[in-house]
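Residues 511 to 828 in the numbering used here are what the sequence shown lists, from first letter to last. Working notes for the structure below.
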Amino acid sequence: MTEQLRPDGSLRHLLTLDGLPREKLEQLLERAQQFVTPLGARPPASRTLAGFTVANLFTEPSTRTRVSFELAAKRLGAQVVNLEVQLSSRVKGESMLDTVYTLESLHVDAFVIRDAEAGVAGLVAAHVAPHVSVLSAGEAHLSHPTQGLLDALTVRQRKGRFAGLAIAIVGDIRHSRVARSAWHAFRTLGVGDLRIVAPPALMPDAAEFAGCARHTQLAPGLRRADVVMMLRIQKERFGSADLPDGEQYFAAWGLTPERLALANPEAIVMHPQPMNRGVEIASAVADGPQSAIRDQVRNGVAVRMAVLEEVLTSTRIA
Ligand code: ASP
């Protein structure tokens with residue numbers, strides 16, 4: 511796999527949180543926190559990345575991730591180009607790498623890549639020039655590293671610690687890159703009681719999610735949790751498997767205020783969005799006092815600013 515850190519320990523690429531040292535995650539969270547401002551206050555802006563160009567290459571739909579990568583780059587003074595797959599030369603048969611080489615010649619310094627296929631961002635990272643960085647914005651069902659960081663930042667803000675917390679990740683774990691990156695982040699940051707909670711058909715294979723307790727029923731999975739992270743059913747990744755019916759799923763697995771009462775009274779509720787209200791979560795919970803869902807969105811920009819700043823300004827090969 512492509513090395514993500516430079517020899518001096520600075521981050522060059524961000525493809526997965528798996529294997530990144532705890533100090534690196536803590537340093538990125540610390541920096542991201544400095545970019546968080548209350549709503550209504552003017553967001554931070556600087557010229558730190560003036561002269562740099564960031565290209566967003568998204569071949570799967572995205573709202574929050576694409577917009578927040580763009581805002582993050584612009585708020586640090588970088589230029590941004592957005593390539594939708596329909597408009598790119600990829601559909602004309604030119605390979606992703608040729609597209610990347612073209613953009614490199616146009617002085618793109620960082621590629622932000624989302625693809626439904628595994629390995630695309632890694633392949634690009636293995637071929638770009640030494641001064642160029644690649645950041646994953648979501649890879650198949652495997653990883654979504656900036657989402658993992660923004661989830662960790664949200665927990666850190668609301669709980670002030672990771673040790674001693676009980677975190678329940680609930681829903682379609684099997685197809686979720688959000689769950690995998692959250693697991694990588696929370697395990698590295700020292701969360702001891704990490705639970706995955708899902709019906710058997712949506713549980714990942716036994717070899718995955720080492721160290722997590724597995725619950726195939728909602729109530730025991732929620733009991734005394736400090737953080738409840740709900741997931742969307744990833745319809746687009748089901749292949750031939752049976753999609754659960756929305757109403758039946760809500761009846762057995764939807765997070766309602768009554769079910770949330772099983773968790774710690776101070777528990778927070780998270781969701782990466784897009785949310786299916788009335789399927790995995792009730793509106794009364796999504797919009798209720800324990801919801802940290804809007805904080806997650808705000809933290810997404812801050813985390814992406816921290817990551818872009820680190821890859822583009824820490825020691826670069828001339
Ligand atoms: N937006 C997240 C992702 O890209 C979660 C989801 O789509 O359910 O994985």
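Glycine included, each C-beta is placed from N, C-alpha and C at the ideal position.
Rounded C-alpha distance that separates residue i from residue j
i    : j    : result
S653 : S572 : 15 angstroms
T698 : P531 : 7 angstroms
H651 : A628 : 8 angstroms
V807 : G648 : 16 angstroms
A762 : D682 : 13 angstroms
F579 : R585 : 10 angstroms
I623 : V630 : 8 angstroms
F621 : E536 : 24 angstroms
A777 : G798 : 12 angstroms
G632 : S615 : 20 angstroms
F696 : V642 : 29 angstroms
Beta strand (DSSP E) segment containing residue i, residue limits
i    : result
I778 : 778 to 780
N566 : 563 to 568
V817 : Here V817 belongs to no beta strand (DSSP E); instead the alpha helix (DSSP H) covers 803 to 823.
M740 : 737 to 740
Beta-carbon proximity of residue i to residue j, cut-off 8 angstroms
i    : j    : result
F568 : R576 : yes
E743 : V817 : Reading off the sequence shown, one finds Ile at residue 743, where the question assumed Glu. Not closer than 8 angstroms, so no.
V564 : A542 : no
H725 : R705 : yes
M785 : L765 : no
A635 : L525 : yes
V701 : I677 : yes
V821 : R522 : yes
V610 : L675 : no
L772 : R804 : no
G731 : V680 : yes
L515 : L663 : no
M713 : R684 : yes
Beta-carbon proximity list for residue i, same chain, < 7 angstroms, skipping 5 on both sides
i    : result
A560 : G587
Chain-order list of residues whose beta-carbon lies under 8 angstroms from that of residue i (same chain, five-residue window excluded)
i    : result
Q657 : T575, G648, R687, V688, S691, A692, P782, G810
P709 : T726, P754, A762, W763
Top-ranked residue by Cα proximity to residue i, from the options
i    : options                : result
P481 : R769, R734, A711       : The requested residue 481 is not part of the displayed model; the chain covers only 511 to 828.
D661 : A802, G721, G674       : A802
S646 : D608, D752, N566, Y759 : N566
Q667 : L728, G756, E757, P548 : P548
V618 : A639, P655, A777, K534 : A639
V795 : F545, P767, E819       : P767
N- and C-terminal bounds of the alpha helix (DSSP H) containing residue i
i    : result
G731 : 728 to 732
S793 : 793 to 796
D608 : 606 to 615
Close Cβ partners of residue i (< 6 angstroms) along its chain, the five nearest in sequence each way excluded
i    : result
N592 : N566
A828 : Because A828 sits at a pLDDT of 47, beneath the cut-off of 50, its placement in the model cannot be relied upon, and the following sentence gives the value as read from the coordinates. Nothing listed; no residue qualifies.
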